[in-house]
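These notes are about the structure you will find just below.
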Amino acid sequence: MTRIGLRLVLLIAIGATIGCDRVTKYVAATTLSEASSRSFLADTLRLEYVENTGAFLGLGANWPLRVRTAVFGVGNGLLLIAVAVVAMRSRWRRWSLVGVAIFVAGSASNLVDRITYGTVIDFMNVGIGPLRTGIFNVADMAIMLGAGIFVLDGYRSGRRAPPTASVD
Numbered sequence: 041m042t043r044i045g046l047r048l049v050l051l052i053a054i055g056a057t058i059g060c061d062r063v064t065k066y067v068a069a070t071t072l073s074e075a076s077s078r079s080f081l082a083d084t085l086r087l088e089y090v091e092n093t094g095a096f097l098g099l100g101a102n103w104p105l106r107v108r109t110a111v112f113g114v115g116n117g118l119l120l121i122a123v124a125v126v127a128m129r130s131r132w133r134r135w136s137l138v139g140v141a142i143f144v145a146g147s148a149s150n151l152v153d154r155i156t157y158g159t160v161i162d163f164m165n166v167g168i169g170p171l172r173t174g175i176f177n178v179a180d181m182a183i184m185l186g187a188g189i190f191v192l193d194g195y196r197s198g199r200r201a202p203p204t205a206s207v208d
């Protein structure tokens, strides 16, 4: 794949991730915010509107506002910039770059919510019986997917000498 092709793939991954997250949060806010929880597939999927002031699974939701702003706003923003700069300057494999792009896009979309509204909209919960996830959103799924792609590609590259790709 050429550098231009790789850049196009990365831009599409970023745009699709942010676009899907923004649209689903809008739909959740307009259809679920005033409704009770909805259940689908024999209660495997629940849709429930929550405004999360904390991080993953509500971590830090009870911290003082200044601490939450510093850690989840400023700290997260600086971390995302650092990850993006390292990814652009490094000669990581294509799949690692795609994973990082999806991770950064999901994180950035949640960061926009946090900066704009002070909360992040979460609305999905999956599980079987009492075994359930916390409430999450599309950006959270993108963060986990991106991290998973990055880790798996790193594991694969450790087993053989990989060709490298760069987006510069």
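In this note's numbering, each residue's number is its place in the sequence shown (first place is 1) plus 40. Glycine residues also receive a C-beta, built at the ideal position from the N, C-alpha and C atoms. In this text the structure is predicted, and so the values were computed from the model without any measurement.
Among the candidates the options, whose CA atom is the shortest distance from the CA of residue i?
| i | options | result |
| --- | --- | --- |
| residue 177 | 190, 150, 44, 106 | 150 |
| residue 145 | 116, 173, 163 | 116 |
| residue 162 | 179, 155, 147, 113 | 179 |
| residue 111 | 70, 155, 138, 75 | 155 |
| residue 131 | 64, 53, 65, 194 | 194 |
| residue 77 | 104, 98, 62, 89 | 89 |
| residue 175 | 129, 84, 190 | 84 |
| residue 196 | 167, 166, 136, 168 | 136 |
| residue 79 | 170, 191, 166, 192 | 166 |
The beta strand (DSSP E) with residue i in it runs from where to where?
| i | result |
| --- | --- |
| residue 102 | From DSSP, residue 102 is part of no beta strand (DSSP E); its letter is neither H nor E. |
| residue 86 | 85-92 |
| residue 167 | 160-168 |
So, at 6 Å on beta carbons, what are the nonlocal neighbours of residue i in its own chain, with the 5 sequence-adjacent residues on each side left out?
| i | result |
| --- | --- |
| residue 49 | none |
Keeping to the same chain, check which residues put their C-beta closer than 7 Å to that of residue i; ignore five residues upstream and five downstream.
| i | result |
| --- | --- |
| residue 55 | none |
| residue 51 | none |
| residue 183 | 143, 146, 147 |
| residue 168 | 84 |
Kindly indicate the opening and closing residues of the alpha helix (DSSP H) around residue i.
| i | result |
| --- | --- |
| residue 125 | 116-129 |
| residue 78 | Careful: residue 78 lies outside any alpha helix (DSSP H), inside the beta strand (DSSP E) at 78-80. |
| residue 43 | 43-71 |
| residue 152 | 134-157 |
Please state if the CB of residue j and the CB of residue i are separated by a distance shorter than 8 Å.
| i | j | result |
| --- | --- | --- |
| residue 186 | residue 121 | no |
| residue 140 | residue 123 | yes |
| residue 108 | residue 100 | yes |
| residue 172 | residue 46 | no |
| residue 97 | residue 87 | no |
Could you check how far apart the C-beta atoms of residue i and residue j are, in whole angstroms? I think they sit under 8 Å.
| i | j | result |
| --- | --- | --- |
| residue 159 | residue 64 | Between residue 64 and residue 159 the Cβ distance is about 16 Å, and since that is not below 8 Å, they are no contact. |
| residue 125 | residue 189 | Residue 125 to residue 189, Cβ: 19 Å. No contact. |
Could you tell me whether the Cβ of residue i comes closer than 8 Å to any Cβ of chain C?
| i | result |
| --- | --- |
| residue 142 | In the displayed structure, chain C is absent; only one protein chain is listed. |
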